[in-house]
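Letter by letter, the sequence shown follows residues 0 to 331 of numbering that gives the first Met the number 0. Where a beta carbon is used, it is the ideal one built from N, C-alpha and C, also for glycine. Read through the structure below, which is laid out as structure tokens, and then see the notes.
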Amino acid sequence: MAGRRTNLVLLVLLVLALSTGLLSWAAGPSLVRWLVIAHGFTGLAIVVLAPWKQSIARRGLARPRAGRSTSIAFVVLIVTSVVAAFVHVSGIVQIVGTFSPLGIHVATAFVAVAFAVVHVLQRMVRPRATDLSRRNLLRGSVLLGGAGLAWLTIESILRATDARGARRRITGSFETGSDVPTEMPVTQWLNDTVQDVDAESWRLHVTDGARSYSVEDLSAFGDTLRATLDCTGGWYAEQEWRGARLDRLIDGAQGRSIVVRSATGYSRRFPLSDAATLLIATEVGGERLSPGHGAHARLVAPGRRGFWWVKWVTTIELDEAPWWWQPPFPLT
Ligand code: HEM
Ligand code: HEM
Ligand SMILES: Nc1nc2c(c(=O)[nH]1)N[C@H]1C(S)=C(S)[C@@H](COP(=O)(O)O)O[C@H]1N2
Ligand SMILES: [Mo]
Numbered sequence: 000m001a002g003r004r005t006n007l008v009l010l011v012l013l014v015l016a017l018s019t020g021l022l023s024w025a026a027g028p029s030l031v032r033w034l035v036i037a038h039g040f041t042g043l044a045i046v047v048l049a050p051w052k053q054s055i056a057r058r059g060l061a062r063p064r065a066g067r068s069t070s071i072a073f074v075v076l077i078v079t080s081v082v083a084a085f086v087h088v089s090g091i092v093q094i095v096g097t098f099s100p101l102g103i104h105v106a107t108a109f110v111a112v113a114f115a116v117v118h119v120l121q122r123m124v125r126p127r128a129t130d131l132s133r134r135n136l137l138r139g140s141v142l143l144g145g146a147g148l149a150w151l152t153i154e155s156i157l158r159a160t161d162a163r164g165a166r167r168r169i170t171g172s173f174e175t176g177s178d179v180p181t182e183m184p185v186t187q188w189l190n191d192t193v194q195d196v197d198a199e200s201w202r203l204h205v206t207d208g209a210r211s212y213s214v215e216d217l218s219a220f221g222d223t224l225r226a227t228l229d230c231t232g233g234w235y236a237e238q239e240w241r242g243a244r245l246d247r248l249i250d251g252a253q254g255r256s257i258v259v260r261s262a263t264g265y266s267r268r269f270p271l272s273d274a275a276t277l278l279i280a281t282e283v284g285g286e287r288l289s290p291g292h293g294a295h296a297r298l299v300a301p302g303r304r305g306f307w308w309v310k311w312v313t314t315i316e317l318d319e320a321p322w323w324w325q326p327p328f329p330l331t
């Protein structure tokens with residue numbers, strides 16, 4: 000019956016929405032645009048299917064049984080998540096941080112995943128070979144077409160009305176404080192706290208060769224870089240960064256990858272071949288970094304999302320592990 004197929008398609012779309020969302024955070028500049036668009040398509044396809052799912056849900060709700068409250072919590076979370084996504088896309092609410100529309104979108108989507116797992120296990124549906132019939136594939140293309148049309152309609156309305164949403168970057172982020180570092184948000188990935196350390200005694204340690212640098216040493220390198228910090232929370236800022244290129248700090252050191260570690264323990268690992276494109280910054284916009292933005296040294300990682308831009312850097316380690324030997328996203 001048709002309800003079974005609708006549920007199966009929803010399952011595929013939920014998995015795709017979750018994976019394209021997460022992959023868009025991990026992707027580099029060449030892929031991110033396509034992942035964000037694919038994410039919009041899958042999310043909108045779920046919305047397009049809502050009327051069909053609504054009649055299935057009505058039928059299900061008419062027969063009270065175990066799993067009912069899970070299903071209801073799941074609808075509430077998914078609807079909240081999608082509404083928050085549309086608020087973000089429109090650009091009408093300008094909050095940054097945990098309670099930004101995008102923050103709410105992602106948080107409710109993550110919680111919804113847990114309920115989705117329970118819902119699907121409790122209401123398991125079996126795929127059949129005939130689900131891949133020519134007729135159903137045609138239906139699938141009509142659904143994709145519908146999602147594409149919805150996407151184009153939304154983007155055209157944003158452009159035609161010159162809404163703030165039309166000025167989203169390819170990652171979906173909004174410009175906030177470019178060239179005005181004091182207006183750039185201070186954000187942490189999860190639970191790090193701002194470090195406020197005396198500049199005189201502060202040192203950056205490079206483990207291989209046991210070198211260490213003071214703020215003045217780093218600043219004296221005078222390397223500059225214009226780069227865009229793009230937070231997965233949905234904002235970005237382009238700034239003029241100044242400090243020391245990472246390859247100059249580790250000159251001659253051996254290894255396959257570089258771990259850039261914060262005083263807080265937060266760290267990210269990079270391929271050694273990236274060293275010349277990375278900057279250990281001591282200044283932004285012509286001023287010393289503020290504690291919030293990572294004083295006395297923070298990493299500038301052009302083309303990578305904000306969570307790679309380690310703040311309060313105190314150690315740089317080289318070793319033989321490959322760069323991908325780390326959790327895909329920081330755990331603190
Ligand atoms: C957007 C995602 C989804 C939402 C919001 C949603 C919500 C609901 C709600 C509110 C009900 C009625 C209450 C109940 O019977 O538990 C329901 C029923 C059901 N759902 Fe879902 N669901 C979603 C996705 C799925 C998926 C992916 C599957 C399976 C692969 C599925 C399978 C079912 C089944 C089999 C029923 C029972 C229908 C009946 O008894 O006639 N649902 N769903
Ligand atoms: C699994 C449930 C999810 C659903 C149903 C969903 C659905 C949507 C929808 C409908 C949009 C608006 C698309 C548009 O109008 O172009 C959207 C936008 C967005 N979602 Fe999700 N999403 C989910 C999970 C996630 C996750 C887990 C992430 C991140 C890890 C994420 C990140 C984003 C981002 C960054 C945008 C903004 C894209 C833009 O500005 O064009 N989503 N999502
Ligand atoms: N040590 C440490 N560095 C960190 C983070 C963190 O939580 N801890 N958050 C990252 C994230 S998610 C972003 S977006 C940027 C934010 O930099 P800003 O606060 O200077 O704007 O710092 C990155 N560097
Ligand atoms: Mo971030």
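Cβ-Cβ distances below 6 Å link Gly-293 to Lys-310, Trp-311 in the same chain, with the five nearest sequence neighbours on each side left out; the list follows chain order. Residue side-chain check: Ser-80 places its Cβ nearer than 7 Å to a non-hydrogen atom of ligand 2. The DSSP-derived three-state label of Leu-203 is strand.
Distance check between Val-117 and each of Asp-161, Ala-65, Gly-254 places Ala-65 closest, using alpha-carbon atoms only. In this structure, the C-beta of Thr-186 approaches ligand 3 to less than 7 Å from one of its heavy atoms. The beta carbons of His-295 and Ala-198 sit closer together than 8 Å.
Ranked by how close their Cα comes to the Cα of Trp-322, the residues Glu-316, Gly-285, Pro-270, Pro-301 have Pro-270 in first place. Following the DSSP letters along the chain, one finds Ala-243 inside the beta strand (DSSP E) bounded by residues 234-244.
At a cut-off of 7 Å, the beta-carbon of Phe-85 counts as near ligand 2: some heavy atom of the ligand is closer than that. Assignment of beta-bridge partners to Tyr-265 by DSSP yields no partner. Sequence-distant partners of Thr-231 (beyond 5 residues in either direction) whose C-beta falls short of 7 Å from its own C-beta, in its chain, are Trp-24, Arg-304, Gly-305, Phe-306. The count of Cβ pairs closer than 8 Å, one atom from the segment 149-162 and one from the segment 203-213, stays below three, leaving the stretches out of contact.
Annotated three-state conformation of Ser-256 is strand, per DSSP. Between ligand 4 and the CB of Phe-306, the shortest heavy atom gap is smaller than 7 Å. Taking the Cβ of Ile-153 as the reference point, at least one heavy atom of ligand 2 falls within a distance shorter than 7 Å.
The segment 264-280 makes contact with the segment 240-256: 3 or more CB pairs, one atom from each, lie closer than 8 Å.
For ligand 3, no non-hydrogen atom lies closer than 7 Å to the CB of His-204. Rounded to the nearest angstrom, the gap between the Cα atoms of Leu-76 and Val-110 is 8 Å.
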